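Numbering (the numbering used here), first residue to last: 244 to 381. Worksheet: the structure to be examined is printed underneath.
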Amino acid sequence: MPMIDVYAPADLFPAGSDRTLAAQLTAALLQAEGVAEPGPAHLDNTGAYIHRMPAETVHTAGTDEARTVRIQVLTPPGALTREGQRSLVAEATRIVAEVSADPSQPARTWVLLTEAAEGGWGIAGTAFGREEFAALLR
Numbered sequence: 244m245p246m247i248d249v250y251a252p253a254d255l256f257p258a259g260s261d262r263t264l265a266a267q268l269t270a271a272l273l274q275a276e277g278v279a280e281p282g283p284a285h286l287d288n289t290g291a292y293i294h295r296m297p298a299e300t301v302h303t304a305g306t307d308e309a310r311t312v313r314i315q316v317l318t319p320p321g322a323l324t325r326e327g328q329r330s331l332v333a334e335a336t337r338i339v340a341e342v343s344a345d346p347s348q349p350a351r352t353w354v355l356l357t358e359a360a361e362g363g364w365g366i367a368g369t370a371f372g373r374e375e376f377a378a379l380l381r
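Take a look at the structure:
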């Protein structure tokens, strides 16, 4: 089941917006995966973690207080098609700009898509691969 980590300067998103950001990103991810009607396995295991970092800890080569956002999305092997990848990157970038209320934010938003290795995803003591995920979703 996919996981999303968002790393951003603590003051980039308005106070109280973490839940909205997480809900919109998880919905976008499920849609990009082609999950039309998410069941309990999808809803209970698609997670988002919002990491608000002190502004002075976010750097680029050009500035010590960058206004960049890094979104790391970890999915099971083969969960996203190429079109799903394109859709998710565009939608996640749009969501960050909308929630931050900064129309220039897309130029500073990185979305990194990573697939877990086959069997490299563990929960409840089980190393999940394609076979285990298929059984879970049945």
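Ideal placement from N, C-alpha and C gives every residue a C-beta, glycine not left out. Because the structure is a prediction, the values reported are computed rather than measured.
| Query | Result |
| --- | --- |
| Contiguous alpha helix (DSSP H) assignments of at least 4 residues, all confined to the stretch 309 to 343 | 325 to 343 |
| 7 Å Cβ cutoff met for isoleucine 314 and valine 342 | no |
| Nearest to glycine 327 (by Cα), restricted to the options Thr357, Ala378, Gln274 | Gln274 |
| Beta-carbon proximity check, histidine 302 vs alanine 291, cutoff 7 Å | no |
| Proximity below 7 Å, CB of leucine 317 to CB of threonine 357 | yes |
| Best match in Ala304, Asp287, Arg295 for proximity to leucine 255 [C-alpha to C-alpha] | Arg295 |
| Buried versus exposed, by CB contacts within 10 Å (16 or more), leucine 323 | buried |
| Which of helix, strand or coil DSSP assigns to proline 252 | strand |
| Proline 245, buried or exposed, once every other Cβ within 10 Å from all chains shown has been counted against 16 | buried |
| Histidine 294 - partner residues in DSSP beta bridges | Tyr250 |
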